[in-house]
Each structure stands twice: as structure tokens, then as C-alpha cells.
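First to last, the protein sequences are chains A and B. Quick note: the first sequence uses the numbering used here, first residue 1244, plus one each step. Quick note: the second sequence uses the numbering used here, first residue 1244, plus one each step. C-beta: ideal position from N, C-alpha, C; glycine also.
Protein chains: 2
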Amino acid sequence: MSRKRIPFGVMLQGPGGHMNAWKHPSVPADASVNFEHYVRAARQAEKAGIAFVFIADGLYINEVSIPHFLNRFEPIALLSALAASTASIGLVGTLSTSYSDPFTVARQFGSIDVISGGRAGWNAVTSPLEGSARNYNRDKHPEHALRYEIAGEHIEVVKGLWDSWDDDAFPRDRETGRYADFTKMHRLDFKGRFHAAEGPLNLGRSPQGQPVLFQAGASDDGIKLAGRHADAVFAGSESFEQNRELSRKLKQSAQAHGRQPDHLKIFPGVAPVVGSTEEEAERKYQEIRALVTDHEALLYLGRFFDHHDFTAYPLDDPFPDLGDIGANNFRAHTDRIKRVAREKKLTLREVALNEATPRSRFIGTPEAVADELGRWVEGGAADGFVLGFHVLNAGLDDFEAQVLPILEARGQHRPAQFGTTLRDHLGLPYRDSRYAVPSAGTGEEAA
Amino acid sequence: MSRKRIPFGVMLQGPGGHMNAWKHPSVPADASVNFEHYVRAARQAEKAGIAFVFIADGLYINEVSIPHFLNRFEPIALLSALAASTASIGLVGTLSTSYSDPFTVARQFGSIDVISGGRAGWNAVTSPLEGSARNYNRDKHPEHALRYEIAGEHIEVVKGLWDSWDDDAFPRDRETGRYADFTKMHRLDFKGRFHAAEGPLNLGRSPQGQPVLFQAGASDDGIKLAGRHADAVFAGSESFEQNRELSRKLKQSAQAHGRQPDHLKIFPGVAPVVGSTEEEAERKYQEIRALVTDHEALLYLGRFFDHHDFTAYPLDDPFPDLGDIGANNFRAHTDRIKRVAREKKLTLREVALNEATPRSRFIGTPEAVADELGRWVEGGAADGFVLGFHVLNAGLDDFEAQVLPILEARGQHRPAQFGTTLRDHLGLPYRDSRYAVPSAGTGEEAA
Ligand SMILES: Cc1cc2nc3c(=O)[nH]c(=O)nc-3n(C[C@H](O)[C@H](O)[C@H](O)COP(=O)(O)O)c2cc1C
Ligand SMILES: Cc1cc2nc3c(=O)[nH]c(=O)nc-3n(C[C@H](O)[C@H](O)[C@H](O)COP(=O)(O)O)c2cc1C
């Protein structure tokens, strides 16, 4: 078989992606602040040949937050500790462009890239939760379009700072006494509307040239930003058609920014549930679905709509008309919820339970799941996947034991890493500096 | 012997504290970005019973910066990776209150405290370098008094956020489905002049209650801040008398803020150079001194005098009359340089070389160095020391092999940690939450 090998990432968010994953017997209840739990999962994934771990994040909690979000590790601290605890797996973490300083972000991900030997990735998000502003001394959370303008500048500064020093700027020659070659230092002198940085960064280039840049917004603004800056997109939808369409748009956007379309990868997030028979898979799915009560599901739904109180509506009436509520948060997602509810005439209870435990397209026998994953990649809907198991331990165990061997037999997986760096794992080239003399078509235009 | 055991910290700043430490054969030339170098030193220190490692930091570089500052790890990333690479040593890192967000700082150090099992410490500094402002999109670097006002609020917010959840706020009961007890959650709702945060933090209390707080400013404002907030002070002077005086003021300041004076520790930074004879110690010192050329020493000296060009003067003439040059930034230091040069009739070369490689009080035989360290602790000038070796590897090897055994024989050291947490190592109690019902005199007033 000569089929394309599929890179996988795995979401590590404490006990799993499900809002009540902490209740599942396969995970420690305190998983989100249990470092040993993270190490065990990262090493298991590494050994299984999974390309990277992925850490999500949030900057605001209240009484209706997902339980394991109340008490979770900060991503930089977690990633760096995982860098020291693993050998070859990629390490991608979420950090907000709306509530951070580019100079610090450049240093932190650059440092993790050096510490890990070239395995760092930054998932740059604009932060959907309004309350974040109140934790960061801001008058208000910037609205959607403005957040993306700020993000564009932020990322421009971070990438500029990462190129502060040429690859060979530090001869460190004890004979001549020359530590640095200042002709290979570049001050950024960036002055924008929202960000400014003189530079240079007090850190040289890292093993990947630059850490990998992920992006996770699928709106038009998100697509534009990804086309300009990102190496990879973490996509939220589990629809083949939507991902194929998103992939098309993303690669077009990359091309429009003078980049090779193949240098922007799309990773849909999927939540496989596998069983040796279809019935067993369905039973496992129902077991996960039973982790959440109706009331909890309503609170969960509210999260996407700026904590709108859905308990005020009758449970078995049609999903309510919400007007503009939710448009400034997870917009692409809330628009979809509204549309599907209307089209399928769903009740509030159905919408809430479906959101709390989405019925994945990837529930079934190992063969069926492997087929579907392969179909997505062959069909142009994915370059790889982020595995967001409902319950991390149970999900990863099953996937490793049952699905990966099938993909391996088909030439779509190997229980070893692709190469040394995360860029290797993802099929991305070393990132040349914007100041590098162009060599034979290796890199691409610096954004 | 029943003498008091002395806690030591060791500065890990790449190759060492000396401006040209990178040239010394005992260290890797790229030490400041060589993670293995850090791990090796941290483990060696841990095994020797040293209480903590200490990471300095800076937010601005240019062509005249100390070479190994041009390219260094960001402290959070470094500390967290070291947390995963060590078992019992304390982990203290520098982070600026002038260029960071309290919500993020609280999360990062809180996370490291959990990941490390209670070994984290934050050295809160206000940042001395004007250029930092230009890397962080600020009009200007806030002046000294203002920096300390900002720092006071910043630390107040961080400490407040650390108490967001009571120690027993997370029952995580799978039977009842109760993950968190919201009656044990505290929103901070802080609104100050410079900082605001609603809270709660999305992280519970950590193994030490709160990470240890270090402070490193010795001005009156610095002393006030330390008295109010700090658990320990990293002191810059190598004078016994000055440290005894500083210690007296610090403990007075703690008392004035309603705290037990013994809960604020003073750690002078010292740079021991030991040899089996006085001559050998002197030879080693001269070897370090020879790492810097006359020209480099002149540039180094210029840093304190607003980059004044000292290369324009004859090297072996008396130190030039500079008038007011240097009175603006490092005044205390430049005044002292001028005074000493006048009193001792030093040449420019001598002044420059003395500045580049200060002659420590701790140069001598192991016995002499051990005596002097002991004298400082007995005499009330120190509760412990931060070892800032000129060259890390050579310095730590000698100190471990020659000085620690003497202190051990005298009952002032043991090659094992004091306890489990950094607070244990420093003789500080668990930090009770401000909301805790006071129990039998364990903690102290919350600041
Ligand atoms: C798959 C996926 C994962 C995301 N992960 C995070 C996250 O970990 N933290 C966060 O603050 N926002 C996260 N977001 C939110 C996005 O970054 C973005 O702010 C939001 O989707 C709104 O942008 P959009 O309208 O372009 O989709 C995620 C979004 C998606 C689709
Ligand atoms: C021993 C010592 C260590 C210091 N370490 C740092 C450091 O790592 N990073 C930093 O930005 N400032 C550092 N500082 C600077 C202080 O935090 C402070 O900004 C400066 O000393 C001015 O404050 P003061 O006038 O109160 O001393 C240090 C100061 C001392 C005395």
C-alpha cells in the first residue's frame, strides 16, 4: 500500500473533551491538575506514533464553567514540563493574542522550542469569552473583527521577533572572544495600531526556525489570518463537507498570501468512539452521554452563547430564537447550532444533549473509523486529525489498540515519529528567516 | 554541634554570573540556551542539598549587553522544564511586575507549584532597564517610585488570585456529581489604579498554599514592598554591615505590616572562589579576571554611566573626573565607583577590571569561606545565601567538594533537602489562605 501517512494530534485537556469526563472511571478525577496524568498520556501517545499533544486554554471561569476548567494548568508551564518529560512528540499549546504581550509569547514558545529540540507549536486564539477582559483589567472584550486585527499584529510581532537573529548569529568563538555577530542581528522596530516592539528578542532562532503556528478560528477573518500566518488550522467541525470546503478556502487563502497551499495543513478535531461491534461502540457512546444531566447540558450550551441562561426555556419546546446572542463568541459554532436546530426542528433538550456529547461521525468499529479517517484525507477534507476523545484514557487506549494497527496495516500510520521536529511530523519545511538569502525553493515568503 | 543549618540557593544564569563566563572551559559556550546544562547543574545542586535554583531575567538587550544575556531562556518555560527534571530542589524565577499581567503570572507560578509538588518561587522585580518599555509597547519605562506602586498592586492581585479557592474547594465526588464547592470559591473583584482582576483564578491552591515570593530591590520602596509581601529578599551587596542593616530594616518592615519578622528571610548574593590554599584561590580569581579584556571591561563600565565611552581615556592614568555623568541611572553605584577610585587612587584600567570581575569577600580557602558564611548567619546579616558563582560549573564543583563538607561537619549543612516544599527548605510555614479560619498560630496575617 502506498497510501499517505496521517499525522494525528491528541487533545490533552485533563480528563477529556467531555464536560463531565472527570466522572469516568478510566481517568483520575483531578486529571486537569494532575501532572502525572499528563505525562502518562503524552508518553503513551508518543510511543503510539502520534505526532503532537494539543493543550487548549481559557481565561475566564464562573459557576457554570465545565468542571475541569475550574482548575487547570496554564499551557506554557504545562507544555514546558511535558517537553522535559517526553522525547519526540510535538507540543502545541493555546495562548491568546488578546491577552498577552508578543515579546513574552515569542520568548516562551521560542524557549520551549529550544528546550524540546524543535517540538513546539503555538495555537494562537483570540479568546472567545467576554469575561476574560475583567480578569485582565480591560474595559471590554474586543469584538470579533477587532480581535482578529489585534491578532494579526500580535502574530506579526512574534514572528518578527523570532527572526531577530540569523541562524548563524552566535559564533561563540573563545579564540576571538566573539560571542555574537551583530551584523546578523535584526531589530524589528515594529510600530502598529495595537502592538509595538523594538527588539531584538533575547533569544536566537530555534530548531524549527520558528515554532509551528496553529490557528483555530474558522470565520472569514480566521481564514484570512490563517492564510497569512498559520502552518496549521485546528478545525472545529466534524462534517466532511464543511472541512473540505474549509480546507479549500484555507489553501486558497495561503496561496493568495504568496505561500504554498500545501504549507497550511488542516486538522479537524474528531472524537472517535470505537467498539469491536457497532453495538459496543454505541453502548460506549451512550455511557459517555449518561455522564451529563439535562441541567448540566443546558449550562454547557450556554457557554457558547456568553453564558446565556437556557434553563429559562421549556426543555421540550423547539430551540428558542436567540437573535444575535452568541455572535461575538464562538460565532461559526453558534451560527451552526442555530441553523441545524431550525433545519432539523430540534427541541432545546435535544440541542443541549447533542452539544454536551456530540454524536461523532467516528463512532463505530475500528474498521469503520479507520475507513472514515482515510476517506477524509483522500477526499481533501483533512491533512491530519486532532483526536479530542470524550474521555482521554479510555479513548486513547481504544484508538491505540484497535484503530492505529489497521491504519498501520494500510500504510497510513507507523508507531514511530515522522522525523525529529514537529515540522517534520506535520510535513512542513524548516522555517527560513525572512532575512535568509533564498536557497533552492525550500522555504516560502516570510509573512 | 547545634549550629543553625544554612539554606543555599544557586543562581543559574547560563555559564555563570561573570560577563564572560561563556569563555571558561568548564562550561558549554552556549550554556544560556543549553537545557542539558541547566538540568545537570540543577540536579547536582539538588543532590548536594542546595535548597533552590534561582533564575534571573531581563527584558531588553542591545549590542553592549552581557554576551550570554543576548540569547537566554524565558524563566517560566525554563523553571517548568526543570520542575519535571528534578525531584526536591526549589525553583525560583524572576518575572517583572512592570511588564506582565497578574492573572497570567498567578496561573504560571501556581501551575509550576502544582507540577513540582510545592517547589515554586517567584522573584518579583520591577525591571531596571529603560529599553524594556520599547519591547512592550509603552511610551516610557515607569520611574522608580511608580514602578514600586505598580508592583504593590500587581503582587496584591496575584496573591489574591492564589486564594481564589479554599484548600478543600474541590470534592470531585463522582457519587453526587459535585466537582467543586462554590461556597469555597472567592471572586477577588480587585480594582486598583494599575491593575484589576475579577477572578476567580482557574487554578486552585497549590502545595505550598502559595508559591514563595522573593523580592530583589533594596531601596526604601523595595524594603516596604518586601515587608508587606515577600517571604524572602535576594540582596545585592556583599558587605556584612550593609546586609546586617538591610536585614534589620526588612524584619522591622515585616513587623510593621503585622507579620512575624522571622517569616521574611534575607539571602545575600555571594560569589565564592575557593582554593585549597589562599594562593590557589587567588589564582582562580585571576583566571576568571582574565576572561575579560581591557576593552571589554571599559564597555562594561560604560553600561553604568549611560554608555559613556571610556576607551577615549588613557588606560593607566588616574580614573577620569566625570562630573555628573552617571548620576542619572545607577547613581548609588556610580557614586561609589567615583569615590573609591579617588580614595584608592585607582587607574581607569583598575576600576574597569574591578567592575567587570568584582573581588568577592568570599575568595579563599574552604575553611575561610565557610567561616565567613557562618559569621554572616550568626551575626544577623543573612538567613541563607544565593550562590552567584562567576563561572557556574567550576564554582559549584569546588563549593560542593570543599565548602559544603566543612559546613556539614559543623552542623550547618546536610546533603539532603530540609523537607518537601520550598517553604520547608527555607523554614517558612505553609501559607494559609486569607479566608482560612485562623488555626493555632500557624500562618500569619494575609497581606
Ligand atoms: C477547534 C477549536 C479549538 C479552539 N480552541 C480554543 C482554545 O483552546 N482556547 C480559546 O480561547 N479559544 C479556542 N477556540 C476559539 C477560537 O480561537 C476563536 O476565538 C473562536 O472560534 C472565534 O473565532 P472564529 O469565529 O474565527 O471561529 C477554538 C476554536 C476551535 C474551532
Ligand atoms: C540581587 C539582585 C538581583 C536582581 N535580579 C534582577 C533580575 O533578575 N531581573 C531584573 O529585571 N531585575 C533584577 N534586579 C533589579 C531589582 O529588582 C530592582 O529593579 C532594582 O534593584 C531597583 O530597585 P531598588 O532601587 O529597590 O534596588 C535585581 C536586583 C538585585 C539587588
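Report all residues from its chain with a CB closer than 7 Å to the CB of residue i; omit the five preceding and five following residues, and keep chain order.
i, result
"proline 1563(B)", "Tyr1556, Leu1591"
"arginine 1315(A)", "Gly1257, Ser1275, Val1276"
"histidine 1261(A)", "Ile1531, Leu1534, Thr1600, His1633, Val1634"
"histidine 1438(B)", "Pro1345, Glu1396, His1397, Val1400"
"tryptophan 1408(B)", "Lys1427, Met1428, Pro1443, Gly1447, Arg1448"
"glycine 1301(A)", "Phe1312, Leu1372"
"serine 1603(A)", "Glu1481, Val1513, Ala1514, Pro1515, Val1516"
Could you work out which residues of chain B lie near residue i, taking near to mean beta carbons separated by less than 7 Å?
i, result
"alanine 1272(A)", "Arg1415, Arg1417"
"proline 1310(A)", "Tyr1422, Ala1423"
"leucine 1596(A)", "In chain order: nothing, as chain B lies at least about 16 Å away."
Find the residues of chain B that neighbour residue i, judging by a C-beta separation of less than 9 Å, and give them in chain order.
i, result
"glycine 1301(A)", "Asn1445"
"leucine 1591(A)", "Under the 9 Å cutoff, chain B gives no residues; its nearest Cβ is about 21 Å from leucine 1591(A)."
Near residue i, what residues of its chain come up, given a Cβ to Cβ distance below 8 Å and the 5 sequence neighbours on each side ignored?
i, result
"asparagine 1305(B)", "Gly1374"
"valine 1629(A)", "Phe1251, Gly1252, Val1253, Met1254, Phe1297, Phe1477, Phe1510, Pro1511, Gly1512, Val1513"
"glutamate 1521(B)", "Gly1607, Thr1608, Ala1611"
Round the Cβ separation of residue i and residue j to the nearest angstrom and send it over; I've been treating them as touching at under 8 Å.
i, j, result
"valine 1335(A)", "valine 1455(A)", "7 Å"
"glutamate 1441(A)", "arginine 1377(B)", "4 Å"
"glycine 1360(B)", "threonine 1608(B)", "Wrong, their Cβ atoms sit about 38 Å apart, outside the cutoff."
"leucine 1404(B)", "phenylalanine 1346(B)", "7 Å"
"histidine 1429(B)", "tyrosine 1678(B)", "6 Å"
"valine 1612(A)", "proline 1515(A)", "5 Å"
"aspartate 1474(B)", "lysine 1508(B)", "7 Å"
"phenylalanine 1312(A)", "valine 1357(B)", "At roughly 16 Å, the Cβ-Cβ gap does not stay under 8 Å, so phenylalanine 1312(A) and valine 1357(B) are not in contact."
"glutamate 1525(A)", "isoleucine 1606(A)", "7 Å"
"alanine 1285(B)", "isoleucine 1332(B)", "6 Å"
"alanine 1272(A)", "histidine 1668(A)", "Not quite, the Cβ-Cβ distance comes to about 32 Å (not below 8 Å), so this is no contact."
"alanine 1299(A)", "threonine 1337(A)", "5 Å"
"serine 1339(A)", "serine 1308(A)", "Contact doesn't hold; Cβ gap of about 16 Å is too wide."
So which residues on chain A does residue i lean against when the C-beta distance must stay under 9 Å?
i, result
"alanine 1637(B)", "Chain A residues near alanine 1637(B): none, gap ~15 Å exceeds 9 Å."
"leucine 1372(B)", "Near leucine 1372(B) there are no residues of chain A at all, since even the closest Cβ is about 11 Å away, more than 9 Å."
"leucine 1665(B)", "Per Cβ cutoff of 9 Å: no residues; leucine 1665(B) is ~16 Å from chain A at best."
Which chain A residues sit within Cβ distance under 7 Å of residue i?
i, result
"serine 1676(B)", "Here the premise fails: no neighbours, minimum Cβ distance about 15 Å."
"glutamine 1351(B)", "Glu1317, Ile1319, Ala1320"
"glycine 1306(B)", "Position check: residue 1306(B) holds glutamate in this sequence, whereas glycine was assumed. The answer, in chain order, is Phe1425."
"serine 1354(B)", "Phe1316, Glu1317, Ala1320, Leu1321"
"alanine 1324(B)", "Ser1323, Ala1324, Ala1326, Ala1327, Ile1358"
Might you give, ordered along the chain, the residues of its own chain that have their beta carbon closer than 6 Å to the beta carbon of residue i, omitting 5 neighbours on each side?
i, result
"glycine 1670(B)", "none"
"histidine 1551(B)", "Gly1545, Ile1568"
"alanine 1264(B)", "Pro1258, Val1634"
"isoleucine 1249(A)", "Val1620, Gly1627, Gln1655"
"alanine 1595(B)", "Ala1540, Leu1541, Leu1544"
"glycine 1518(B)", "Ala1524, Lys1527"
"arginine 1417(B)", "none"
Interface residues of chain A around residue i at Cβ under 8 Å?
i, result
"asparagine 1378(B)", "Phe1346, Ala1440, Glu1441, Gly1442"
"valine 1357(B)", "Val1276, Phe1278, Phe1316"
"glycine 1257(B)", "Going along chain A, no residue has its Cβ under 8 Å from glycine 1257(B), so there is no contact; the nearest lies around 11 Å."
Less than 9 Å between CB atoms is the rule here; does residue i satisfy it with respect to chain E?
i, result
"glycine 1292(B)", "The chain inventory of the structure shown lacks chain E, comprising the protein chains A and B."
The segment 1562-1582 of chain A: positions lying closer than 9 Å to chain B by Cβ: none
For the segment 1259-1285 of chain A, which residues have a CB atom closer than 7 Å to at least one CB atom of chain B, in sequence order? Trp1265, Lys1266, Ala1272, Asp1273, Val1276, Phe1278
Between the segment 1537-1562 of chain B and chain A, which residues of the former have a C-beta closer than 7 Å to a C-beta of the latter? none
What are the residues in the segment 1329-1348 of chain B lying within 9 Å of chain A by C-beta distance? Tyr1342, Ser1343, Asp1344, Pro1345, Phe1346, Thr1347
With a threshold of 8 Å, are at least 3 pairs of Cβ atoms found where one atom belongs to the segment 1410-1422 of chain B and the other to the segment 1635-1655 of chain B? no
Any contact between the segment 1614-1625 of chain B and the segment 1476-1495 of chain B? By contact I mean 3 or more CB pairs, one from each, below 8 Å. yes
Taking contact to mean at least 3 C-beta pairs separated by less than 8 Å, is the segment 1319-1338 of chain A in contact with the segment 1316-1328 of chain B? yes
Is the segment 1379-1396 of chain A touching the segment 1457-1469 of chain A, taking contact as three or more C-beta pairs under 8 Å? yes
Please list the residues of the segment 1451-1481 of chain B that have a C-beta atom closer than 8 Å to any C-beta atom in chain A, keeping them in chain order. none
In the segment 1375-1409 of chain B, which residues sit with their C-beta less than 8 Å from some C-beta in chain A, listed in chain order? Arg1377, Asn1378, Tyr1379, Asn1380, Trp1408
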